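Undergrad: Listed in order, the protein sequences are those of chains A and B. Just so you know, we're using the working numbering here: the first sequence kicks off at 1 and counts up by one. Just so you know, we're using the working numbering here: the second sequence kicks off at 339 and counts up by one. For every residue, glycine included, the Cβ atom is placed at its ideal position computed from N, Cα and C. No experiment lies behind these values; they were computed from the predicted model shown. Below you'll find the structure I mean.
2 protein chains.
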Amino acid sequence: MPNLLALDAGGTSTRAVLLTPSGQCLGYGTAGGGNPVSRGLSPALQALSAASRQALGGRVEPLGQVLVAMAGASVEMPLELLHDSFAAFGLSGKVLIESDLLATFYSGTFHDSGHALIAGTGAVGARVAQGRLFSVADGMGWLLGDAGSGFWLGREVAQAVGAALDGRGPATALTAPLLAELGIAAEGQADHIQGRLRAQQQLITKVYERSAIELSRFAPLVFAASGDRVAQGIIDRAGAALAQTLLATAASSPKGDMDAVTAIMSGPLIFGGSVLTKGVSVAAAVTGRLRARDGTVARPVLVADGAVGAAVMALKRSGIDVDAKVFARIQHSLALLR
Amino acid sequence: MPNLLALDAGGTSTRAVLLTPSGQCLGYGTAGGGNPVSRGLSPALQALSAASRQALGGRVEPLGQVLVAMAGASVEMPLELLHDSFAAFGLSGKVLIESDLLATFYSGTFHDSGHALIAGTGAVGARVAQGRLFSVADGMGWLLGDAGSGFWLGREVAQAVGAALDGRGPATALTAPLLAELGIAAEGQADHIQGRLRAQQQLITKVYERSAIELSRFAPLVFAASGDRVAQGIIDRAGAALAQTLLATAASSPKGDMDAVTAIMSGPLIFGGSVLTKGVSVAAAVTGRLRARDGTVARPVLVADGAVGAAVMALKRSGIDVDAKVFARIQHSLALLR
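Below is the structure:
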């Protein structure tokens with residue numbers, strides 16, 4: 001049986017894994033953003049090819065299947081184009097497109113049912129059943145939702161500093177690092193212009209010079225301002241919003257949050273995205289709200305990306321059973337290649 | 339003494355008033371947006387000229403002074419260009435640029451101290467002292483603040499409907515009118531695609547097809563959904579945020595909200611902007627939070643725009659005293675021209 005290629009195509013980076021039908025990873029490659037929605041079709045195709053070429057290490061060999069995990073891209077990425085693109089690498093079988101949410105889920109488990117919560121630049125929760133997305137909550141993007149995401153945290157930081165500067169909110173230790181990050185000089189910040197602190201006017205000017213989504217780069221400030229009441233409040237609200245997102249995916253027939261918690265704790269729970277995997281305080285704020293009747297707290301599996309999960313799905317969608325042993329083989333052999 | 343010209347240059351429309359030094363309004367004109375920041379310099383200049391030409395009714399007469407009220411425009415609008423532009427209308431005196439906040443304030447009072455709260459597409463509060471802006475709160479724009487504004491209300495509507503559709507929030511009567519407003523057909527809304535209701539996926543797609551600021555057009559839905567708990571919650575939060583903005587302008591030395599309420603109620607309080615002057619429920623949610631120790635509630639003066647205030651400032655900045663009689667003359671003679 002020929003080898004398989006699995007790709008995890010994100011908005012800012014793409015990962016490709018070459019693996020045997022037994023789950024032994026043979027090659028690994030990375031490239032830039034591979035999502036046609038956020039990157040455009042041609043750059044996305046180029047990224048998928050570049051990562052694949054690296055994973056194949058120059059070989060052209062018969063590939064049984066290529067599986068590509070990407071966000072909401074099945075419409076935007078024509079399968080024929082993908083197929084032509086991979087034919088150059090020796091593809092004889094099919095190209096499958098799968099959800100990036102499923103790839104993140106399967107990066108933490110080989111079971112076919114459970115829950116995933118992802119908070120990177122965006123934020124989304126998913127319930128997986130029988131290997132498919134059963135229900136999805138939030139993931140509505142920076143303007144309509146993504147509550148608890150990196151963008152959301154960064155915007156909260158900028159809003160809290162704005163409120164502190166004009167007296168709508170309490171003083172906060174976030175102010176000095178945010179102004180410094182924006183390159184606003186310390187001198188003259190306390191001057192008033194037309195009834196406004198110069199620092200606030202400059203904050204407004206600097207933020208609107210950039211695109212809205214760039215507010216996400218202020219998210220790390222909230223983790224650095226430990227002990228600050230305002231920063232802690234932002235982390236608590238992020239945790240509450242993300243817990244709400246996760247609970248909504250579990251409550252398909254709404255019987256209240258406690259039943260949703262029980263449902264979530266009865267199977268694997270996967271956390272992905274930098275806000276949950278690097279910002280430990282947000283993950284703790286989420287799990288603190290996922291407490292069962294007997295007092296036990298949910299223990300999520302943290303995953304860095306969807307590379308393992310894409311490999312898992314490449315096997316499963318080829319009809320190959322992935323058990324604990326195969327899953328461990330994928331994990332370990334891939335870790336050695338990274 | 340020659341006549342004066344007063345302009346209230348907003349982001350979407352401009353008003354011009356020709357008046358005598360005694361406050362008798364002789365002509366009135368309107369045009370499109372006259373703010374160089376949001377419209378660009380050349381279109382803004384054209385709008386100012388068009389409104390002025392209309393107010394002058396074809397006359398070219400010696401003008402003692404032109405006063406232009408506009409938002410944060412003193413830097414972007416070169417005075418020489420303005421002067422050249424008005425010289426064609428017979429201007430012999432100076433061109434003055436003043437804050438649009440002051441124009442709104444003076445549309446409701448001839449006193450030189452008090453407070454103003456404006457909630458249109460944006461939201462801002464101001465304390466006026468000795469005829470100048472003493473402190474300003476919020477007005478940070480759609481991305482960083484403007485809490486309680488038309489944009490903020492519209493975004494809350496879209497977010498609440500999104501949360502209702504995926505179970506993060508309660509069902510709401512806002513859902514049907516929002517989906518209809520977006521042109522989302524009723525059939526198939528309950529279908530699931532990749533774990534999501536089709537209605538939610540379409541909501542996301544439709545909103546991101548437009549610019550962010552266009553969310554403000556959903557604000558009226560919140561007023562129409564009377565009796566809905568979610569809509570009432572949005573109105574309450576808007577009122578709380580706007581009250582906070584107003585209170586922040588009053589608490590220059592922070593002694594708590596009650597002292598700020600006392601300070602606000604000791605002078606004129608002006609409400610401007612469509613959210614406060616047309617959406618009566620938001621104004622009531624604000625004033626409900628401005629209750630003095632003796633139980634009396636603030637009674638704001640509602641003003642439609644800054645036209646009267648620009649005329650008041652044109653007189654004051656020429657050294658003319660504006661008392662109750664002159665103020666009433668401006669109000670009444672302008673009302674007859676509109």
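1) When burial is assigned at 16 or more other CB atoms within 10 Å of the CB, is glutamate 436 of chain B buried or exposed?
2) Among B:Arg631, B:Phe665, B:Ala622, B:Gly611, which residue has its Cα nearest to the Cα of aspartate 438 of chain B?
3) Check whether the Cβ of phenylalanine 472 of chain B lies closer than 7 Å to any Cβ atom in chain A.
4) Return the chain-ordered ranges of every alpha helix (DSSP H) run that is complete within the stretch 536-572 of chain B and spans a minimum of 4 residues.
5) Can you say whether aspartate 321 of chain A is buried or exposed, counting buried as having 16 or more other CB atoms within 10 angstroms of its CB?
6) Which residue or residues does DSSP assign as beta-bridge partners of lysine 432 of chain B?
7) Let me make sure I understand the geometry here. Which of A:Asn35, A:Gln24, A:Thr20, A:Ala16 has the alpha-carbon closest to that of serine 333 of chain A?
8) Isoleucine 204 of chain A touches chain B at which residues, Cβ-Cβ below 7 Å?
9) Could you say which of B:Ala464, B:Leu491, B:Asp422 lies nearest to alanine 562 of chain B if we only look at CA atoms?
10) If you follow the beta strand (DSSP E) that valine 466 of chain B is part of, which residue opens it and which one closes it?
11) Let's test the definition: count the other Cβ atoms within 10 Å of the Cβ of leucine 585 of chain B and tell me whether it reaches 16, buried, or not, exposed.
12) Counting only beta-carbon separations shorter than 7 Å, does threonine 245 of chain A have a partner in chain B?
13) Roughly how many angstroms lie between the CA atoms of glycine 488 of chain B and glycine 148 of chain A, to the nearest whole one?
14) Whole angstroms are fine: how far does the CA of glycine 33 of chain A sit from the CA of threonine 14 of chain A?
15) Sorted by chain position, which residues of the same chain lie with C-beta nearer than 6 Å to alanine 511 of chain B's C-beta, five sequence neighbours on each side aside?
16) For glutamine 497 of chain B, would you say it is in contact with chain A, using Cβ-to-Cβ distances shorter than 7 Å as the test?
17) Whole angstroms is fine: what's the gap from aspartate 346 of chain B's alpha carbon to isoleucine 213 of chain A's?
18) Does the stretch 447-455 of chain B come close enough to the stretch 571-586 of chain B to have 3 or more Cβ pairs within less than 8 Å?
19) Give every residue of the same chain whose Cβ lies closer than 8 Å to the Cβ of glycine 521 of chain B, excluding the five residues on either side of it in the sequence, and list them in chain order.
20) Are any of the Cβ atoms in chain C nearer than 7 Å to that of valine 66 of chain A?
21) Inspect the beta-carbon positions of valine 650 of chain B and tyrosine 444 of chain B and report whether they are closer than 7 Å.
22) Under 9 Å between beta-carbons, which chain B residues line up against glutamine 342 of chain A? List them in chain order, please.
23) Let me know if glutamine 540 of chain B comes out buried or exposed under the rule of 16 or more other beta-carbons within 10 Å of its beta-carbon.
24) Rounded to whole angstroms, what is the Cα-Cα separation between phenylalanine 134 of chain A and threonine 249 of chain A?
25) Suppose the cutoff is 6 Å on Cβ atoms and the five residues either side in sequence are ignored; what does the same chain contact list for serine 591 of chain B look like?
26) Return the bridge partner residues of methionine 351 of chain A from the DSSP annotation.
27) Does the contact criterion of 3 or more C-beta pairs under 8 Å hold for the stretch 51-64 of chain A versus the stretch 84-94 of chain A?
28) Express the C-alpha separation of serine 390 of chain B and aspartate 422 of chain B in angstroms, rounding to a whole number.
29) Given a cut-off of 7 Å, decide if valine 17 of chain A and alanine 335 of chain A are closer than it, judged by their beta-carbon atoms.
30) Strictly by DSSP, which residues pair up with valine 635 of chain B?
31) Assign valine 618 of chain B to buried or exposed, taking buried as 16 or more other Cβ atoms, counted over all protein chains shown, within 10 Å of its Cβ.
32) Mark alanine 310 of chain A as exposed unless 16 or more other C-beta atoms lie within 10 angstroms of its C-beta, in which case mark it buried.
33) Could you check where the alpha helix (DSSP H) with valine 351 of chain A kicks off and where it finishes?
34) Taking only the alpha-carbon atoms, compute the straight-line gap between arginine 299 of chain A and leucine 269 of chain A and give it to the nearest angstrom.
35) Is the beta carbon of valine 157 of chain A closer than 7 Å to that of phenylalanine 218 of chain A?
36) Going by the beta-carbon positions, is the gap between alanine 137 of chain A and aspartate 504 of chain B smaller than 7 Å?
TA: With the given structure in hand:
1) buried
2) B:Gly611
3) yes
4) 536-546, 557-562
5) exposed
6) B:Gln403
7) A:Gln24
8) Met478, Gly479, Leu482
9) B:Leu491
10) 461-467
11) buried
12) yes
13) 24 Å
14) 6 Å
15) Ala563, Asp566
16) yes
17) 34 Å
18) yes
19) Lys544
20) The question asks about chain C, but that chain is absent: this structure's protein chains are A and B.
21) yes
22) With chain A covering only 1 through 338, there is no way to say anything about residue 342 of chain A.
23) buried
24) 8 Å
25) Only weak support is given to the placement of serine 591 of chain B: the predicted model assigns it a pLDDT of 49, under 50, and the question is left unresolved by the model.
26) Here chain A covers residues 1 to 338 and nothing more, so residue 351 of chain A does not appear.
27) yes
28) 14 Å
29) no
30) B:Arg629
31) exposed
32) buried
33) An answer regarding residue 351 of chain A cannot be provided, because it is not within the stretch 1 to 338 covered by chain A.
34) 7 Å
35) yes
36) yes
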